Amino acid sequence: MKEKSVLEMRGIYKSFPGVRALQNVDFTLEEGEIHALMGENGAGKSTLIKVLTGVYEKDEGQIFLKGLNKPAVIHSPQDAQNLGISTVYQEITLCPNLTVAENMYIGRTKGFGTNWRKMNAGAAKILKDLDIPADATQQLSSYSIAIQQMVAIARAVDMDCKVLILDEPTSSLDDSEVEKLFKMMRDLKAKGVGIIFVTHFLEQVYAVCDKITVLRDGQLVGQYEIENLPRIQLVAKMLGKELNDEEEIKDDSLVYQGADADKNVFEAEGLQSNAGIKPFNFHIKKGEVNGFAGLLGSGRSECVRAIFGADKVIAGKVKMKGKDVKISKPIDAMKLGIAYLSESRKDDGLVGDLSVRDNIILAQQVLRGFFRPYSKSEAYKIADEYIKLLEIKTASADTPIKSLSGGNQQKCIIARWLLTHPDYLILDEPTRGIDIGTKVEIQKLVLKLASEGMSVTFISSETDEMLRTCSRLVVMRDRKVVGEISGSELTQSNIMGTIAGGDKK
Amino acid sequence: MQKSGTKSKSSAGQFFAELTRKPIFIPIVALLLLAIFNLVMDPGFYAIALNHNSEGYPVLSGSLITILDNGSELAILAIGMTLVTAASGGQDISVGAAVAIAGSVILRVLCGTETQPESLQAPVIVAFLLACVVAMLFGAFNGALVAFFRIQPMVATLILYTAGRNIAAWINQNRLPIVSEPSFGYFGGTIPGIPIPTPFFIAVICVAIIALVLKFTTLGLYVQSVGINENSARLNGLNPKLIKILTFVILGLCVAVVGLIKVSRISTINYSVVAKDIEMDAILAVALGGNSLAGGKFNMAGSIMGAYTIQFLTTTLYKYNVPSEALPAYKAVVVIVLVVLSAPVVKARLGALGKKLSSKKNTAKEVG
Numbered sequence: 010m011k012e013k014s015v016l017e018m019r020g021i022y023k024s025f026p027g028v029r030a031l032q033n034v035d036f037t038l039e040e041g042e043i044h045a046l047m048g049e050n051g052a053g054k055s056t057l058i059k060v061l062t063g064v065y066e067k068d069e070g071q072i073f074l075k076g077l078n079k080p081a082v083i084h085s086p087q088d089a090q091n092l093g094i095s096t097v098y099q100e101i102t103l104c105p106n107l108t109v110a111e112n113m114y115i116g117r118t119k120g121f122g123t124n125w126r127k128m129n130a131g132a133a134k135i136l137k138d139l140d141i142p143a144d145a146t147q148q149l150s151s152y153s154i155a156i157q158q159m160v161a162i163a164r165a166v167d168m169d170c171k172v173l174i175l176d177e178p179t180s181s182l183d184d185s186e187v188e189k190l191f192k193m194m195r196d197l198k199a200k201g202v203g204i205i206f207v208t209h210f211l212e213q214v215y216a217v218c219d220k221i222t223v224l225r226d227g228q229l230v231g232q233y234e235i236e237n238l239p240r241i242q243l244v245a246k247m248l249g250k251e252l253n254d255e256e257e258i259k260d261d262s263l264v265y266q267g268a269d270a271d272k273n274v275f276e277a278e279g280l281q282s283n284a285g286i287k288p289f290n291f292h293i294k295k296g297e298v299n300g301f302a303g304l305l306g307s308g309r310s311e312c313v314r315a316i317f318g319a320d321k322v323i324a325g326k327v328k329m330k331g332k333d334v335k336i337s338k339p340i341d342a343m344k345l346g347i348a349y350l351s352e353s354r355k356d357d358g359l360v361g362d363l364s365v366r367d368n369i370i371l372a373q374q375v376l377r378g379f380f381r382p383y384s385k386s387e388a389y390k391i392a393d394e395y396i397k398l399l400e401i402k403t404a405s406a407d408t409p410i411k412s413l414s415g416g417n418q419q420k421c422i423i424a425r426w427l428l429t430h431p432d433y434l435i436l437d438e439p440t441r442g443i444d445i446g447t448k449v450e451i452q453k454l455v456l457k458l459a460s461e462g463m464s465v466t467f468i469s470s471e472t473d474e475m476l477r478t479c480s481r482l483v484v485m486r487d488r489k490v491v492g493e494i495s496g497s498e499l500t501q502s503n504i505m506g507t508i509a510g511g512d513k514k
Numbered sequence: 013m014q015k016s017g018t019k020s021k022s023s024a025g026q027f028f029a030e031l032t033r034k035p036i037f038i039p040i041v042a043l044l045l046l047a048i049f050n051l052v053m054d055p056g057f058y059a060i061a062l063n064h065n066s067e068g069y070p071v072l073s074g075s076l077i078t079i080l081d082n083g084s085e086l087a088i089l090a091i092g093m094t095l096v097t098a099a100s101g102g103q104d105i106s107v108g109a110a111v112a113i114a115g116s117v118i119l120r121v122l123c124g125t126e127t128q129p130e131s132l133q134a135p136v137i138v139a140f141l142l143a144c145v146v147a148m149l150f151g152a153f154n155g156a157l158v159a160f161f162r163i164q165p166m167v168a169t170l171i172l173y174t175a176g177r178n179i180a181a182w183i184n185q186n187r188l189p190i191v192s193e194p195s196f197g198y199f200g201g202t203i204p205g206i207p208i209p210t211p212f213f214i215a216v217i218c219v220a221i222i223a224l225v226l227k228f229t230t231l232g233l234y235v236q237s238v239g240i241n242e243n244s245a246r247l248n249g250l251n252p253k254l255i256k257i258l259t260f261v262i263l264g265l266c267v268a269v270v271g272l273i274k275v276s277r278i279s280t281i282n283y284s285v286v287a288k289d290i291e292m293d294a295i296l297a298v299a300l301g302g303n304s305l306a307g308g309k310f311n312m313a314g315s316i317m318g319a320y321t322i323q324f325l326t327t328t329l330y331k332y333n334v335p336s337e338a339l340p341a342y343k344a345v346v347v348i349v350l351v352v353l354s355a356p357v358v359k360a361r362l363g364a365l366g367k368k369l370s371s372k373k374n375t376a377k378e379v380g
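These protein sequences, in sequence, are chains D and Z.
FYI, in the numbering used here the residues of the first sequence are 10 to 514.
FYI, in the numbering used here the residues of the second sequence are 13 to 380.
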């Protein structure tokens, strides 16, 4: 073991029935280093993390930790924690209805008694040291996700951790929150903590990391210093091929050419829901791809939810293909030919325990009605067709959808809505938390569908992605539509300017 | 509901591993264990005799017939309970009280205001249909509490659990009407000329109906979707509240059927005893059938198997002269074992054990 390393994993193997998840993977983490673990979905990142944290037991290989002169034995998450390996997951795993201090000390106090004053004081000190703007005695749920995330990290750090694993901590944070998190990571790095950072955001990797380890198909591709690995090469290594440039997917042949191309498919006037957005006007033409841009919490999702009837609509007029219609619940919208892929795949999209097949047919089945179920053979036929069409990687149509990787789950949900043959498809963050290959596939699919005459609203936190797909952007700030950008004005700086809205005041 | 036995099994271990993963594994094993226990202790348990009842018609008797008879009531209730559990992730504990109400309604219609009328005041079918309506309304009430006010099903149904038997007594002004028409006894007894108890045939009809409903409507998919992820279900155009209420209404229908059987058995009713604690057995049947009591995916065949298994257990215990007051304690012990066996953790371990056995065998073969 090298002198500076805090963690060395050597020759790790792990298999699941039918899958070799990890084959001979090495990983080295040095003291005071932020190390990105990169790879596409299914590359083995999560498995490696889970082996390290004791969620899975490795089949073969050894793990060495600093200060231990023999291989570490990790059979359970508890073992890992005792050895100084702490993990902060994408989803907050704390208890929202306890106070910040309680969350930081839960499960760590000895004996039955609790010295509340001491606990609160201790928590307050840590929060101050780490510069987290939270009050130790307040309920955790009263803080934003970002703060909660930081409290989770503070808890991990206070447990004397040498290795801190951050598994997609930024996927639900906005830019300023991410910046705060990064500052905290840099502070911890200065204190000598080794940080493993798992993320899908390339920019964040380059903003904060020192080294990158790339995995592909369960094997180690290599470990690189950040300055020696330009972005395009990183992507190429992750995909295992030269990337056909993401920039080039927008192509003039992919524009809807029909005679009715300037007809509005959907129009809304003064639409307002009970989710706290200001009334807004909106329209989309046949074969158009537009999007809602804005910071997290600016009301992007709330707008499309109002269109789909997912939130309670309290005011406004809507027209579908020129006709006045009323949409008060999702089924109304679905019957009019609107489909909505929700922002949170896990909470609002998947039906986890059901098979891929049931998940794909669900929406169309509801449209068909209670007394006209698809027969098993019909359902298999449809599911297999879409599995092939969207190249969904699944063992079979009977596999529970929750056992698929994020990208493939998302493809199933997209398949579900494509099956309803909508005129107007709303995709709210369809590419969140999925790998680059699938991201590009989804973007291409959107443009192809639009060229065939489908109208698509595409929402993404990544502005680049919206620029590549949308021809018009509705910009939102503070739950209000503040502008619209289209054509040649559609540039990164213009969007940023409108979102920030500095010149108007 | 996967097909079984189609793939050729390469080894016993693999077969074992696969079998333990099937939801119906637990009730089958439990039933087998009980069956073997009885076979060893007293093969006479399985004796079936052909006797003649007081009217001279042939009837079968024996422990197995008792199980078939009483287990059928439980199986009918298990159908509704399975759907309620799947959709709302909780159980209806007012089932026994609701059976009393349904039975009371039937007697009220049949006997009018008299205690023992010479002839029926209304056709049995009218009485039964009215009982169905009443039981379904009470089901809808429970369902509405669960769906609209988001009260936990056990708490919501506690209301009717507490008040139900009093409501049942109030319907007949606390009288105990007696039906003297002998044909009314057919539903809970036997039809002349057919030696097998009628409840079994009623259960078969109910099972056939629910099987057809599950095949020719989307009830199964909707109920499971709502139970697994209510938000997703709503965004896919479903109305989760309506579906939850619907499951309670279906359970109400099952309750009315059992109510008919119960009052038919004795031609009268005992408000405080009729169908006592039957809800617990029905819930156990669902759990035993490999269904998660937290809702989501369900397995109807498992629940029905579970119902007969529970009754098998009850009858076995009676056979060994366990006093009825002590019955629940004995049952509890057995149930703990069964439920622990069906817990996912234990299932996974059993599966791993099976795999180990098979891999050991394979390596042994390779070496040899």
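Note that CB positions come from ideal geometry on N, CA and C, so glycine has one too.
Just so we're clear, the structure is a prediction, and the values are computed from it rather than from any experiment.
Proximity below 8 Å, CB of residue i to CB of residue j
i: G331 of chain D; j: K295 of chain D; result: no
i: V238 of chain Z; j: K256 of chain Z; result: yes
i: I369 of chain D; j: L436 of chain D; result: no
i: G151 of chain Z; j: G302 of chain Z; result: no
i: Q236 of chain Z; j: G83 of chain Z; result: no
i: A348 of chain D; j: P431 of chain D; result: yes
i: D196 of chain D; j: L136 of chain D; result: no
i: M247 of chain D; j: G48 of chain D; result: yes
i: G308 of chain Z; j: A98 of chain Z; result: yes
i: E189 of chain D; j: A155 of chain D; result: Going by the sequence as given, residue 189 of chain D is Lys instead of Glu. Yes; because the gap between Cβ atoms is below 8 Å, this pair is in contact.
i: I316 of chain Z; j: A110 of chain Z; result: no
i: L51 of chain Z; j: L325 of chain Z; result: no
CB contact below 8 Å: residue i versus chain Z
i: S24 of chain D; result: no
i: F467 of chain D; result: no
i: I340 of chain D; result: yes
i: D356 of chain D; result: yes
i: P382 of chain D; result: yes
i: Q419 of chain D; result: no
i: F275 of chain D; result: no
i: M3 of chain D; result: As shown, chain D starts at 10 and ends at 514. That puts residue 3 of chain D outside it, with no answer to give.
i: I391 of chain D; result: no
i: E217 of chain D; result: Checking the displayed sequence, the identity of residue 217 of chain D turns out to be Val instead of Glu. No, V217 of chain D lies away from the interface with chain Z (no Cβ there is under 8 Å from its Cβ).
i: Q374 of chain D; result: yes
i: I412 of chain D; result: Sequence check: residue 412 of chain D is Ser here, not Ile. Not closer than 8 Å to any Cβ of chain Z, the Cβ of S412 of chain D fails to qualify, so no.
i: S351 of chain D; result: yes
i: F73 of chain D; result: no
C-beta neighbour in chain D for residue i, strict 8 Å
i: T97 of chain Z; result: no
i: G366 of chain Z; result: no
i: S336 of chain Z; result: no
i: T94 of chain Z; result: no
i: L233 of chain Z; result: yes
i: I221 of chain Z; result: no
i: F212 of chain Z; result: no
i: S237 of chain Z; result: yes
i: T327 of chain Z; result: no
i: I240 of chain Z; result: yes
i: F160 of chain Z; result: no
Proximity test, residue i beta-carbon vs the ligand GTP heavy atom, cut-off 7 Å
i: N311 of chain Z; result: As far as ligands go, the structure on display features none, and thus does not contain the ligand GTP.
Please identify, using Cβ separations under 7 Å, the residues of the region 303 to 323 of chain Z that lie next to chain D, in order along the chain. G308 and K309
Looking at chain D, which residues of the region 242 to 264 of chain Z have a Cβ within less than 8 Å of any of its Cβ atoms? N243, S244, A245, R246, L247, N248, G249, L250 and N251
Any contact of the region 109 to 127 of chain Z with the region 270 to 277 of chain Z, i.e. 3+ C-beta pairs under 8 Å? yes
Which runs of the alpha helix (DSSP H) fall wholly inside the region 378 to 416 of chain D and span at least 4 residues, in chain order? 385 to 398
Output needed in chain order: residues of the region 360 to 371 of chain D with a Cβ under 7 Å from some Cβ in chain Z. V360, G361, D362, L363, D367 and L371
Assess contact between the region 35 to 42 of chain D and the region 191 to 210 of chain D, defined as three or more Cβ pairs (one per stretch) separated by less than 8 Å. Is contact present? yes
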